[in-house]
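Please read the structure below before turning to the comments.
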Amino acid sequence: MAQVSEYRGSIHQQQKDMMLDWYQKLDDAAGGADQPTVSMMISGNCVELLEGFGAAPMYPEVNALQLAIRHQSLEPILAAEELGYAADNCAYVKADIGCMLKGITPTGGRLPKPTLVLCNFVGCNTYVKWFEHVAEFTGAPLYVLDVPFLRGEEPSQADVEYVVRQLKEVVELLERLTGRKFDFDRFRQAVAYSSEVEDLWSKIKHLSKHSPSPFDAYFDAITLMGPLYVYRASERGAEFFRSAYEELRAKRDANEGIYDREKFRVVVEGPPPYPYFRAFRDMFAKWNACAVASTYSTVGGLWEFGFRHDPDKPFESVAMHMLAQNVTNRNYLQRYDQIRRYVNEWNADGVIIHFVKSCRLFSAGQGDMRDYFTRQLGVPTLYIESDLEDPRYFAEAQTKNRIDAFFESLEHAKHAAKVGA
Amino acid sequence: MRIAAGVDVGSTQTKAVLMQDNGERKILARALTDTGANVLKAAESAFHKCCESAGIHSQEVGYVVGTGYGRYKITFGNAQMTEISCHARGAQFLCPGTRTVIDMGGQDSKAISVGPQGEVLDFVMNDKCAAGTGRFLANAAEVMGIGLDEIGPLSLKATQPVKIATVCTVFVESDILSYLSQGKRPENIMGGVHLAIAKRTLSLARRVNIEPEVTMTGGVARNCGMVHALETVLGRKMQISPDAHYMGAVGAAIFALEKMDDTFENTVWREHAAGSRN
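For the protein sequence lines, the chains are A and B, in the order given.
When we follow the numbering used here, the leftmost residue of the first sequence carries the number 1, and every step to the right adds one.
When we follow the numbering used here, the leftmost residue of the second sequence carries the number 1, and every step to the right adds one.
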């Protein structure tokens with residue numbers, strides 16, 4: 001019988017409670033509570049700024065993936081397609097738009113009209129249109145915060161200043177929209193919390209260098225990403241990540257892995273197929289294969305290589321995070337390098353690339369990436385295709401076949417190396 | 001006598017092979033049946049036909065490995081492996097020196113880079129699309145009203161193969177009808193069809209680096225027109241075993257012998273248990 005992996009600890013339940021509390025806060029806001037809300041995208045989110053107003057973030061992506069993981073994404077996707085959205089349009093967009101059309105929410109609770117639709121345009125130009133549509137459907141004001149793509153290794157000073165000026169415009173706009181004065185001290189405190197959380201998160205990420213890894217840095221990391229993006233800049237977020245680090249460190253110290261016998265260590269590139277999240281995880285579990293690192297867990301921020309928000313430079317560090325410290329706004333060669341470091345420093349056996357059919361921006365170039373790792377670095381690399389939101393793109397038998405073949409080949413190669421030695 | 005079996009349940013046909021190992025591995029018997037809707041029945045039928053053909057009782061078979069899409073339905077089997085591993089292993093056994101395998105089956109086509117011991121170094125497959133597979137050829141044959149066995153020889157007679165713009169298994173029908181209405185000769189149409197698939201397969205194979213020796217496996221290897229078209233675009237001859245169609249089952253039978261001997265999986269597991277990573 002296939003082994004089914006389950007994280008054995010308390011942090012998953014804690015994060016579930018936190019996310020339900022967050023949805024409750026949004027429901028209260030929809031019910032008339034004095035609670036400003038701001039729609040944002042995950043990648044390079046500036047949740048710290050919102051804390052200066054006591055505003056809650058809303059993430060259309062999180063709503064979309066929550067629907068998919070609950071097997072409810074197809075109905076809103078079809079509703080959006082009926083309206084004219086193309087078949088190859090981003091499925092996150094279609095699920096979100098379809099939800100607005102049909103009045104669906106992931107938890108069944110209410111979602112408020114956002115105080116502001118803040119399109120923190122990081123790494124995805126489709127989002128500009130998406131957020132324009134969100135503003136159109138909700139009637140909320142829209143601010144497009146233009147974050148230039150990272151062209152070289154680091155952003156220029158002009159890039160940083162450009163983003164900081166826009167952040168300050170957002171502050172002025174939110175002051176007008178909420179009627180609240182921006183609390184700079186609270187903002188700086190939020191940046192300090194973020195810095196602490198990022199330090200803890202980074203330490204957690206490095207725990208998976210241990211074999212066996214105490215958690216799966218793809219599937220379990222996704223669970224931790226909710227609190228990371230919603231609560232990062234708050235005391236509650238800091239408390240959660242302190243306890244998460246302690247729990248996982250204790251597992252590491254006790255040599256307790258996600259599997260009783262870890263057999264393979266892989267790096268995963270790309271988001272998961274959320275509509276088949278459990279089935280997909282089980283395909284890895286069958287082989288006792290643990291993801292020791294993933295690029296998807298750095299979409300909202302890349303912290304394991306040293307970057308932290310800085311309370312002494314709150315605006316500048318928020319800008320730096322948006323510009324340079326999240327995987328989607330970085331250039332492709334930097335992504336190669338990120339994965340290469342994961343393979344070497346986390347001692348991985350191979351790389352698995354999941355191509356997302358409806359996200360050309362994230363996925364374009366992954367064929368070359370496969371070639372680079374396979375041919376130039378000699379790292380076994382599997383390339384599979386489906387979608388992060390649209391269940392129609394997932395072929396279970398074919399995906400399973402490829403994953404089985406990949407791990408068989410790793411197993412056989414180890415055997416052949418031993419026989420040949 | 002140590003005997004093991006490999007059963008390859010493909011989308012179109014189910015193949016079984018019995019193999020013995022008396023110091024030297026040898027194929028004892030092979031059998032073929034249409035898969036149909038009842039996968040288990042097809043697997044049992046092929047397996048028992050094989051046993052009959054070899055003149056042995058099924059209980060004399062020490063280990064059975066299932067492969068192909070229906071492998072998990074083979075309830076009488078001892079283990080399952082993917083056809084990717086099995087084709088590589090089978091090709092290395094029947095065509096020693098194989099470094100690249102091009103497998104064309106009913107619904108899948110794949111290119112596999114193979115190591116010296118038959119291990120899979122890399123592989124790519126067609127993705128959720130029957131372009132470049134046996135099904136594409138079968139559809140083309142049906143539209144033309146020609147038997148599947150005849151299309152290969154017919155395509156070899158092509159003097160001016162037509163250009164088939166699409167590699168879509170569904171839309172190729174309209175392409176063919178269009179050429180027929182233009183009065184193009186059947187051999188030139190079939191020549192074009194074979195060439196279109198060969199080019200698509202070439203681009204698949206290039207993604208794993210084509211290294212000699214190249215071995216073709218799978219049911220489509222029986223199609224001489226496809227072999228010719230592939231060798232033309234590859235610019236080299238391929239090795240084609242008379243058992244090319246059975247290659248997945250052959251590989252599965254070899255794995256079955258090794259698993260029966262406890263020489264494969266446990267060796268790897270012991271390696272892990274000893275903490276070789278640390």
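C-beta atoms are modelled at their ideal positions from N, C-alpha and C, and glycine is treated no differently.
Fair warning: this is a prediction, and the values are worked out from it, not measured in the lab.
- At least 8 angstroms separates the CB of Gly145 of chain B from every CB of chain A.
- Looking at the DSSP output, Met125 of chain B shares a beta bridge with B:Lys110.
- Linking Ala192 of chain A to Asp310 of chain A through their CA atoms gives a straight-line distance of about 7 angstroms.
- At a cut-off of 8 angstroms between beta carbons, Asp28 of chain A makes no contact with chain B.
- Taking 8 angstroms as the cut-off, the beta carbon of Leu148 of chain B is found no closer than this to the beta carbon of Ala158 of chain B.
- Going by DSSP, Gln20 of chain B is part of the beta strand (DSSP E) stretching over 13-21.
- By the Cβ neighbour-count rule, Asp243 of chain B is buried, with 16 or more other Cβ atoms within 10 Å of its own.
- Within chain B, the residues whose beta carbon sits less than 7 angstroms from that of Asp404 of chain A are Thr82, listed in sequence order.
- Annotation for Asn63 of chain A: the continuous alpha helix (DSSP H) segment containing it runs 60-69.
- For Ala29 of chain B, the enclosing beta strand (DSSP E) stretches over residues 25-34.
- Spatial neighbours of Ser181 of chain B in its own chain (CB-CB distance under 6 angstroms, excluding positions within 5 residues in sequence) are not present.
- The CB of Glu408 of chain A comes closer than 8 angstroms to the CB of Met81, Thr82, Ile84, Ser85, Val120 in chain B, given here in chain order.
- Taking C-beta separations shorter than 7 angstroms and ignoring five residues to either side along the sequence, the partners of Glu304 of chain A in its chain run Ser202, Lys205, His206, following chain order.
- For the stretch 44-78 of chain B, the beta-carbon criterion of a distance under 7 angstroms to any beta-carbon of chain A is satisfied by Tyr69.
- Boundaries for Cys99 of chain A: no beta strand (DSSP E) harbours it, while the alpha helix (DSSP H) harbouring it runs 91-102, taken from the DSSP string.
- Membership of Glu247 of chain A in the alpha helix (DSSP H) is indicated by the continuous run 235-253.
- Under the Cβ distance rule, Gln13 of chain B does not count among the residues neighbouring chain A, no pair being separated by less than 8 angstroms.
- By the Cβ rule, the stretch 59-66 of chain B does not count as touching the stretch 96-112 of chain B, because fewer than three pairs are nearer than 8 angstroms.
- If you draw a 10 Å sphere on the C-beta of Gly306 of chain A, you find fewer than 16 other C-beta atoms in it, and that means exposed.
- Here the stretch 249-256 of chain B lies against the stretch 74-90 of chain B, with 3 or more beta-carbon pairs under 8 angstroms apart.
- Note that the C-beta distance between Met238 of chain B and Met216 of chain B is below 8 angstroms.
- Around the beta carbon of His71 of chain A, fewer than 16 other beta carbons sit within 10 angstroms, so the residue counts as exposed.
- Taking every protein chain shown into account, the CB of Val170 of chain B has fewer than 16 other CB atoms within 10 angstroms, so this residue is exposed.
- With respect to chain A, the C-beta atom of Phe93 of chain B has no partner C-beta closer than 8 angstroms.
- Secondary structure of Phe137 of chain A (DSSP, three-state): helix.
- Val167 of chain B is positioned such that its CB atom lies no closer than 8 angstroms to that of Tyr179 of chain B.
- Taking a contact to require three or more Cβ pairs closer than 8 angstroms, the stretch 3-16 of chain B and the stretch 314-322 of chain A do not qualify as touching.
- Of A:Gln376, A:Ala80, A:Asn45, the smallest CA-CA separation from Val163 of chain A is found for A:Asn45.
- Here DSSP, grouped into helix, strand and coil, assigns Phe136 of chain B to helix.
- A contact is defined here as three or more CB-CB pairs under 8 angstroms, and the stretch 95-111 of chain A fails this definition with respect to the stretch 139-151 of chain A.
- Glu258 of chain B and Val9 of chain B have their C-alpha atoms roughly 20 angstroms apart.
- For Met104 of chain B, the pairing in a beta bridge is given by DSSP as B:Ser109.
- The beta carbon of His309 of chain A does not come within 8 angstroms of any beta carbon belonging to chain B, so the residue lies off that interface.
- Taking CB atoms only, Asp8 of chain B has no neighbour in chain A less than 8 angstroms away.
- Runs of beta strand (DSSP E) with 3 or more residues, each lying fully within the stretch 190-232 of chain B, are found at 214-217, listed in chain order.
- DSSP places Asn329 of chain A within a helical segment (H, G or I) once states are collapsed to three.
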